[in-house]
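Participant: Before we start, here is the structure in question, set down as structure tokens.
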Amino acid sequence: MSISNTLQRFLTSHNVNYEVITHPYSETSIASAQTAHVPVERMVKAVVLKDEKGYVIAAIPSTNHLNLREINQTLKRQLSLASEEELCDLFGDCSAGAIPAVGEAFGMPTIWDEQLAYEPDFYLEGGDHQELVHISHYDFMEMMKSCPHGTFSAHN
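Heads up: the sequence shown at position 136 corresponds to 137 in the numbering used here, and the numbers run straight through without jumps.
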């Protein structure tokens with residue numbers, strides 16, 4: 002497998018330096034970090050949310066869980082989790098459960114958790130269950146600079 006073509010095109014067109022890290026198949030972002038031997042606290046997971054206005058990706062630390070009440074207050078929306086079927090439709094070149102935390106690559110707004118601001122670099126799902134994308138703190142923050150942010154997740 003390889004990273005999502007959509008993600009690859011986005012990263013290239015935005016001059017993002019990245020490294021692809023291959024790892025044994027894993028189902029969760031934490032397991033991906035562990036099998037790739039990268040720090041789990043630097044792994045960013047995507048949580049896809051929806052309401053009548055559309056879809057949003059919440060980018061949060063992989064070791065955290067999303068607080069829906071907080072994100073709804075931050076965005077002044079009534080978001081809920083998108084279904085697996087919706088994920089397959091929205092992210093055609095990605096496997097369910099391996100969605101990259103870069104909504105703009107897929108024409109979707111992103112909101113990021115401010116707890117990510119303190120990490121020196123990041124690892125994102127690449128679109129399958131065997132590839133991670135490693136990017137610098139600078140490049141991640143550049144991608145997120147126009148995205149809303151707040152504190153809306155908590156450590157598991």
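Each residue gets a CB set at the ideal place from its N, CA and C atoms; glycine is no exception. Please read these numbers as outputs of a predicted model, since none were measured by experiment.
Using a threshold of 8 angstroms, state whether the C-beta atoms of His138 and Pro110 are closer than that.
Facilitator: The residue you call residue 138 lines up with position 137 of the sequence shown. The residue you call residue 110 lines up with position 109 of the sequence shown. Not in contact: His138 and Pro110 (Cβ atoms no closer than 8 angstroms).
Participant: Is the distance from the Cβ of Ala102 to the Cβ of Leu88 below 8 angstroms?
Facilitator: In the sequence shown, residue 102 corresponds to position 101, counting from 1. In the sequence shown, residue 88 corresponds to position 87, counting from 1. Contact flag unset, no.
Participant: Which residue comes first and which comes last in the beta strand (DSSP E) that contains Met109?
Facilitator: Counting from 1 along the sequence shown, the entry for residue 109 is found at position 108. No beta strand (DSSP E) contains Met109, which DSSP labels as neither H nor E.
Participant: Let me know the secondary structure DSSP gives Thr75 once reduced to three states.
Facilitator: Along the sequence shown, one-based indexing puts residue 75 at 74. Helix, per DSSP.
Participant: Who does Lys51 pair with in a DSSP beta bridge?
Facilitator: Mapped onto the sequence shown, residue 51 falls at position 50. Beta-bridge pairing links Lys51 to Tyr56, Ser81.
Participant: Taking the beta strand (DSSP E) that Ala155 falls in, what are its first and last residues?
Facilitator: Residue numbering aside, residue 155 sits at position 154 when the sequence shown is read from its first letter. 154-156 is the extent of the beta strand (DSSP E) around Ala155.
Participant: Quick one: Cα of Ile61 to Cα of Ala47, how far?
Facilitator: For this step, residue 61 is matched to residue 60 along the sequence shown. For this step, residue 47 is matched to residue 46 along the sequence shown. Their Cα atoms are separated by approximately 7 angstroms.
Participant: For His135, name the three-state secondary structure that DSSP assigns.
Facilitator: Here residue 135 refers to the residue found at position 134 when the sequence shown is read from its first residue. The answer is strand: DSSP assigns His135 an E or B state.
Participant: By Cβ distance below 6 angstroms, which residues in the same chain neighbour Met145 in space, the five residues on each side in sequence not counted?
Facilitator: What you label residue 145 is simply residue 144 of the sequence shown in a count that begins at 1. Excluding residues within five positions, the ones whose Cβ falls inside 6 angstroms are Trp113.
Participant: Assuming Ser5 and Cys95 make a contact with CB atoms under 8 angstroms, what is their CB distance in whole Å?
Facilitator: Position 4 of the sequence shown, counted from the start, is the residue given in the question as residue 5. Position 94 of the sequence shown, counted from the start, is the residue given in the question as residue 95. The Cβ separation is near 5 angstroms, so the contact holds.
Participant: Identify the continuous beta strand (DSSP E) that holds Asn16 and give its terminal residues.
Facilitator: Residue 16 sits at position 15 when you count from the first residue of the sequence shown. Neither: Asn16 is in no beta strand (DSSP E) and is coded neither H nor E.
Participant: Would you kindly report the start and end of the unbroken beta strand (DSSP E) that includes Glu126?
Facilitator: Walking along the sequence shown from the start, residue 126 turns up at place 125. Unbroken beta strand (DSSP E) run through Glu126: 122-126.
Participant: Spell out the partners DSSP gives His66 in its beta bridges.
Facilitator: Taking the first residue of the sequence shown as position 1, residue 66 is located at position 65. Its beta-bridge partners are Ala155.
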